[in-house]
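Residue numbers (this note's numbering), protein chains in the order written: chain R, 175 to 468; chain Z, 175 to 468. Backbone N, C-alpha and C fix where the C-beta goes; we use that ideal spot for every residue, glycine too. Quick caveat: nothing in here was measured; it's all calculated off a predicted structure. Since the structure comes first, as C-alpha cells, the remarks are kept for the end.
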C-alpha cells in the first residue's frame, strides 16, 4: 500500500510561532504561565505544554498573576484589555494573519460598513474578530444564514483565516444583491488555500484519505469535509490509535493530510502505523508529495 | 394566441429623462442642437428627434456652436471637458445611475485601487466609465478575459449599469483570488435587474419570446441572450416589420419584452402586429403582465 503525504500537512506559520513563543515562556521561569484557551486546537500539544508547566485557562478570572499567552486564534478585544488591566504579563501569540483580519474588522467599523464575518460563530477566532466590529456584526458560514439580511448601503466582509474560498465567494456574491457597495478583505491565509487545494488533489488520487488533526480543530474538520465529496473513504483522526485496518480493504494508495495545528510527531505516528499495517504488503511511502518540515 | 407583455418592457428612468431633456431643447429654439452620439440606442427614436432638428454627431469636431446634449450613456471625461472648453451650451442627459458609476470609478482611482470595469469594451457607457479611472483600467465581461490579471493589493470593481448580476458576481469571486482587498460598487441599475428577472420568468412561461429593441442596444442584446437558454424560440427585433409568421407555428403563448431604449409606440406596434397575425385565432393580450406606462 503506497502512502502519499501532502507537502502542506501540519503546522502553519502562525501555529509554529505560537508554540515557539509558549516554549520560550516555559523556559523563562518567570512565575506561572497560562494560555488563554488552548494555544492551538490540538489536545496532544496542549498536554505536552502542561508538562512544561504552561497551563490552558478558559477564563481570565482563573488567572491572578504571572504570564498569560494569547493563543494563535486570538481573543476578544475585552479579554485582551482585561489581561493588561489585571497587570498580567501578556505574550501575544495571535497569528499575524488573524491580527490583520482583526484590524480589517476595525477598519470596516470605522468606515461605516455593515460587517459580516464569514466563519463559525462558536470558533474563538471568529469571536475575536466579531469583538472588533462593534455591536452589529453578522456571522455566517453559508448564504442560507443570510437570507434575512436587510439591504444595506455598504457591506464589509472579513473571513476567518482558515475558511474555504468558495464560501467567501458565495457570500460575497450574495451580498452584491443586498448592497450597492461591498468591500471584502480576503483574509483566508495562504497556508489554508494551499493546504485545501493540495488535499483536494490528493483525495482524487487515492483510495483512502486520512485527515489528521484535533477533533476541535475547525480547519481540520473543514479539510475532511472538502475531501469527502471527492473521496468518500475519508477519515478524520486525532492520533494513530484511531486507525482501523478495515478502512483499507482493497486500497492501493492512501493519502495523508493534516490540519494546521497537527504537530509533525503525530503525523509521523500515523504514517508509521499505516506503513506497519500487517495485512498490506509493500508499505512504501511516496516521495512525490513528501517533504514536510516542521 | 395569447400575448404576455413584460411590465418592465421599455424606457427606463434614465432614457425617459434623456428624451425629455432633448425634447425640451428642441422646443427651446436656441440655435443648433446636437447629441454627442445617439442619445439612446434606438435608431427610430434618433430619427424622430432629427425631425425636431436634434442631430446626433459622433465627434465634437463636427460641432462648432449651439447646444450639445450628453447622451444617456454618458461620454468620456475628455469629451465632456472639450464641450465646455469649446463654449458650447452643454445639457447633461447622462443617466444619474451612470453618473454615479462614473463617480465610483473616480473614487476607486483616488483610493488607489486597480480598477476593473465589468462591461463591453466598445460600449460608450463603458468607454465613459473607463475615462474616469486613469491609465490602467481593465475592462472585462467574463472571467476568461481576466485569467492573466496579475495579483494586486486592492482591486476595485464597477459595472456597466445594464450588466447581468451573474457576470458581476463571477468576476468579483475571481478577483478574491487575485487581491487581498476587493471593493465592488454594484452599479447595475434596479431597472436592469427587474427587467432581466421578469424577462427570464416570462421566457419560461411562453412558446415564443420576442425581445424588442435597437440592434445596437447592448441591454436588449443581453436580454435576448439571457432568454435564449430558457426559450430557444427567442427573437430580437427592432421593429414590427421584422416579425415572421413562421416563428409562431404551434405557439399558444407569446412573450414580449423590450430593452431600456425601446419607446412605447414601437412596443405597441409589435403587440398590434402579433394580435393581427391572421393564422392565429384569439389574439388575446394578457392583462396579467400588462401595465407598461411610458
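So with CB distances below 9 Å, who are the chain R contacts of residue 359/Z? 354, 355 and 356
Would you tell me roughly how many angstroms separate the C-alpha atoms of residue 353/Z and residue 327/Z, rounded to the nearest one? 5 Å
Chain Z partners of residue 351/R, CB-CB under 9 Å? 339, 343, 360 and 367
Would you list the residues sitting across from residue 244/Z in a DSSP beta bridge? 210/Z and 266/Z
Interface residues of chain R facing residue 347/Z [CB-CB closer than 7 Å]: 343, 346 and 347
DSSP three-state call for residue 317/R: helix, strand or coil? helix
Secondary structure of residue 254/R, DSSP reduced to three states: helix
Since residue 367/R is in the alpha helix (DSSP H), which residue starts that stretch and which ends it? 364-379
Limits of the unbroken beta strand (DSSP E) element including residue 382/R: 382-386
Assuming residue 432/Z contacts residue 184/Z under a Cβ cut-off of 8 Å, what Cβ separation, rounded to an integer in Å, is found between them? 5 Å
Determine the extent of the beta strand (DSSP E) in which residue 231/Z is found, giving its start and end residues. 228-231
Quick one, are the C-beta atoms of residue 333/R and residue 362/R less than 8 Å apart? yes
Helix, strand or coil: how does DSSP classify residue 441/R here? helix
Contact defined as beta carbons within less than 8 Å: I believe residue 189/R pairs with residue 435/R. What is the distance between those atoms, to the nearest angstrom? 5 Å
Just verifying my parser: in three-state terms, what is the DSSP assignment at residue 185/R? coil
Cβ separation of residue 280/R and residue 306/R, assumed to be a contact under 8 Å, to the nearest whole Å: 5 Å
Given residue 269/Z, which residues of its chain have a CB within under 6 Å of its CB, disregarding the five upstream and five downstream residues? 188 and 246
Determine the extent of the alpha helix (DSSP H) in which residue 394/Z is found, giving its start and end residues. 392-401
Beta carbon of residue 384/Z: closer than 7 Å to some heavy atom of the ligand ATP? This structure lacks the ligand ATP; in fact it carries no ligand of any kind.
Cβ neighbour criterion (16 or more within 10 Å) applied to residue 325/Z: exposed
Report buried or exposed for residue 387/Z, applying the criterion of at least 16 other Cβ atoms within 10 angstroms of its Cβ. buried
Determine the DSSP secondary structure at residue 353/Z, reduced to helix, strand or coil. strand
Whether residue 402/R touches residue 338/R by CB criterion (8 Å): no
Using alpha carbons as the reference points, say which of 378/Z, 415/Z and 220/Z lies closest to residue 450/Z. 415/Z
By the three-class DSSP mapping on this structure, what secondary structure does residue 305/Z have? helix
For residue 339/R, which of helix, strand or coil comes out of DSSP? helix
Residue range of the alpha helix (DSSP H) that residue 222/R falls in? 217-225
For residue 252/Z, collect the residues of the same chain with a Cβ closer than 7 Å to its Cβ; drop the 5 residues on either side in sequence, then sort them by chain order. 305
Inter-residue Cα distance where the pair is residue 176/Z and residue 426/Z: 6 Å
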